[in-house]
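Quick note: the sequence shown uses UniProt numbering, first residue 1, plus one each step.
For reference, the structure discussed in these notes is given below.
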Amino acid sequence: MRADTLAFLTEHRRASLDTLTERLVVTIEEDNPGYRATGLVPRTDLWRSCHDNISRILELLAEALERDAPHGRADDNPAYDAARTTGRRRAEQGLPLDVVLRSFRIGGRLIWDDLVAAGETALDAVELREIGTLLWEVVDETSAQVATSYHLHERAAVRADEQLRAQLWEGLINGRAKEPGFAHEVSRLLDLPVSGDYLVLVTGTELDPTAADRHLAPHASAWVRRTGGLVGVVALRDDRPDEALAALEQLASSLRAPLGVSVVVHGLAGIDHGYRQASLALRVQDGQPGLAPFDRQLPEALLLSSPEVAARLVSIWLRPVLELPDAERRVLVDTLRAWVAAGGSSTRTAEAAHCHRNTVINRLRRAGDLTGMTFTDGCPPVELDLALRALRLEPR
């Protein structure tokens with residue numbers, strides 16, 4: 001009897017495959033609106049998928065009947081290749097997985113109805129029940145293989161997309177957006193305009209990009225995680241640029257961390273300049289919470305950009321003072337800072353330092369004797385101001 005059943009399945013597969021394929025295609029188009037509404041799967045593609053999967057399911061059914069059970073290890077069974085191909089293709093096409101699996105349930109029902117109609121005279125009730133049980137086990141495993149392949153491709157696509165995005169970001173902050181083709185690719189994949197005004201942001205702390213987007217709306221923004229922090233770009237709306245800066249102030253406050261921000265740069269082609277500015281502003285901020293606009297940090301940014309000049313300024317204007325014992329060094333450096341901040345007035349310096357004016361004059365004379373410079377009332381030398389700023393920027 002088993003031989004007769006197998007012969008029936010073999011003949012049924014040969015005789016009805018094309019007809020059953022056409023019926024399944026029509027049924028899916030009519031009963032599964034996901035295919036019809038999206039238009040993602042061409043009819044020829046759907047027909048080939050239906051044909052190959054029906055053929056494989058009937059083949060697997062015959063194999064299962066011979067063993068009294070489905071194949072034990074579906075993952076290495078080549079008869080599931082059609083299912084895996086379908087899962088991969090539908091993931092590539094962007095068809096939702098539940099829509100794909102619904103078509104397999106429709107296909108399983110259609111195959112069963114066709115087997116019942118064809119087997120009424122050739123098979124007895126026991127044989128039909130056995131075929132039905134095995135058929136649905138095969139359909140279930142086929143659907144599982146579809147889902148596995150779909151998810152594998154999805155994960156691979158996500159990894160590939162993440163790698164591509166990372167490459168685009170690296171190119172963007174390194175100046176490749178000056179190439180029109182690259183700029184348009186960035187625009188397409190990161191959903192940013194090629195032209196228009198931008199701010200570039202850099203932070204050394206963890207930041208939720210979704211929360212940042214909410215803070216900055218309606219200005220479009222995009223973010224990327226890099227070693228040690230996050231980089232973002234904000235596309236400024238022409239009619240509301242000041243709102244973006246106010247939103248950035250709020251964002252920096254909520255972070256309780258420094259947030260470096262560039263000046264306005266023009267188009268994606270200017271992002272590399274903005275990135276350097278925001279990075280310098282962040283370094284100047286030295287971990288202090290709050291917004292760090294580049295325009296407010298220009299002398300320090302200049303010094304960080306020219307480390308040899310910064311080191312030379314410190315050496316010429318401060319080195320002998322820095323070689324003093326700690327207590328005297330701190331007093332003289334603090335006095336020089338206060339004197340520069342007071343615009344060269346020893347009187348105002350004394351008020352700020354809470355000491356007598358003569359004490360300030362003596363300290364300034366001591367610093368002058370050590371360095372060979374003259375620190376008297378009048379405009380402080382710009383080189384001293386820069387040397388003191390450079391000293392503050394030196395690693396502790």
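No residue lacks a Cβ here, since even glycine has one placed at the ideal position from N, Cα and C.
None of these values were measured; they are calculated from a predicted model.
Are the CB atoms of L268 and L172 nearer to each other than 8 angstroms? In the sequence shown, the residue the question calls residue 268 occupies position 268. In the sequence shown, the residue the question calls residue 172 occupies position 172. Contact flag set, yes.
Might you give, ordered along the chain, the residues of its own chain that have their beta carbon closer than 7 angstroms to the beta carbon of G175, omitting 5 neighbours on each side? As a first step, residue 175 must be located in the sequence shown, where it is residue number 175. Same-chain partners within the cutoff: D272.
Which residue from V194, G232, S345 puts its Cα closest to that of T210? Residue numbering aside, residue 210 sits at position 210 when the sequence shown is read from its first letter. Residue G232 is the option with its Cα nearest to T210.
Own chain, CB closer than 6 angstroms to F294, minus 5 neighbours either side, in chain order: By one-based count along the sequence shown, residue 294 stands at place 294. Excluding positions up to five away in sequence, the list reads S262, V263, Q277, A281.
S221 lies in the beta strand (DSSP E); which residues open and close that run? Taking the sequence shown and counting its residues from 1, one reaches residue 221 at position 221. Unbroken beta strand (DSSP E) run through S221: 220-226.
Take the Cβ of C379 as the centre, count every other Cβ of all protein chains shown within 10 Å, and call the residue buried at 16 or more, exposed below. By 1-based counting over the sequence shown, the position of residue 379 is 379. Classification of C379: exposed, given that the 10 Å Cβ count is below 16.
Report back the beta-carbon spacing between I106 and D161 to the nearest angstrom; my notes put them in contact at under 8 angstroms. Against the sequence shown, residue 106 aligns to sequence position 106. Against the sequence shown, residue 161 aligns to sequence position 161. In fact, because the Cβ distance is near 31 angstroms, the residues do not count as touching under 8 angstroms.
Helix or strand or just coil, what does DSSP make of M1? Within the sequence shown, numbered from 1, the residue matching residue 1 stands at position 1. Reliability fails at M1, whose pLDDT of 45 lies under 50, so the model's placement of it is uncertain and the value that follows must be treated cautiously. It is coil, neither helix nor strand.
Option in D98, L207, R363, N358 with minimal Cα separation from Y35: What you label residue 35 is simply residue 35 of the sequence shown in a count that begins at 1. Residue D98 is the option with its Cα nearest to Y35.
Where A122 sits in the DSSP three-state scheme: Position 122 of the sequence shown, counting from 1, holds the residue named residue 122. In the structure shown, A122 sits in coil (DSSP, three-state: anything other than H, G, I, E or B).
Please classify residue 398: is it buried, with 16 or more other beta-carbons within 10 angstroms of its beta-carbon, or exposed? Absent from the structure is residue 398, since the part of the chain shown begins at 1 and ends at 396.
Just the C-alpha distance for E249 and Q163, rounded to the nearest angstrom, thanks. Here residue 249 refers to the residue found at position 249 of the sequence shown. Here residue 163 refers to the residue found at position 163 of the sequence shown. Their Cα atoms are separated by approximately 32 angstroms.
Which full runs of the alpha helix (DSSP H) of 4+ residues lie inside the segment 83-140, going along the chain? 97-119
What residue range is occupied by the uninterrupted beta strand (DSSP E) comprising D197? Working through the sequence shown from its first residue, we reach residue 197 at position 197. Looking at the DSSP string, the run of the beta strand (DSSP E) that includes D197 is 197-203.
Would you report the Cα separation of A341 and R256, rounded to the nearest angstrom? Translated into positions along the sequence shown, residue 341 becomes position 341. Translated into positions along the sequence shown, residue 256 becomes position 256. When rounded, the distance between both Cα atoms is 27 angstroms.
Please state if the CB of V100 and the CB of V139 are separated by a distance shorter than 8 angstroms. Here the question's residue 139 lines up with position 139 in the sequence shown. Here the question's residue 100 lines up with position 100 in the sequence shown. Result no, Cβ atoms of V139 and V100 do not sit closer than 8 angstroms.
Close-in-space but distant-in-sequence residues of the same chain around E288 (CB under 7 angstroms, 5 per side omitted): As a first step, residue 288 is located in the sequence shown; it is residue number 288 there, counting from the start. Per the sequence presented here, residue 288 reads as Gln, with Glu not at that position. Excluding sequence neighbours, Q288 sits near P258.
Thinking C-alpha only, which one of A157, L207, T133 is nearest A252? Start at 1 with the first residue of the sequence shown, and residue 252 comes out as number 252. That would be L207, whose Cα lies nearest to the Cα of A252.
Among all the DSSP beta bridges, which residues are the ones paired with D265? By 1-based counting over the sequence shown, the position of residue 265 is 265. Reading the sequence as shown, one finds Val at residue 265 and not Asp. According to DSSP, V265 bridges with Y198.
Local Cβ density within 10 Å of A382, reported as buried at 16 or more and exposed below that: Against the sequence shown, residue 382 aligns to sequence position 382. The question names Ala, yet the displayed sequence has Val at residue 382. That one is exposed.
Please confirm whether V321 and L393 have their CB atoms less than 8 angstroms apart. Counting from 1 along the sequence shown, the entry for residue 321 is found at position 321. Counting from 1 along the sequence shown, the entry for residue 393 is found at position 393. Going by C-beta atoms, V321 is not nearer than 8 angstroms to L393.
Closest by CA to S55, which one among L17, R89, D76? Taking the sequence shown and counting its residues from 1, one reaches residue 55 at position 55. Nearest C-alpha to S55: L17.
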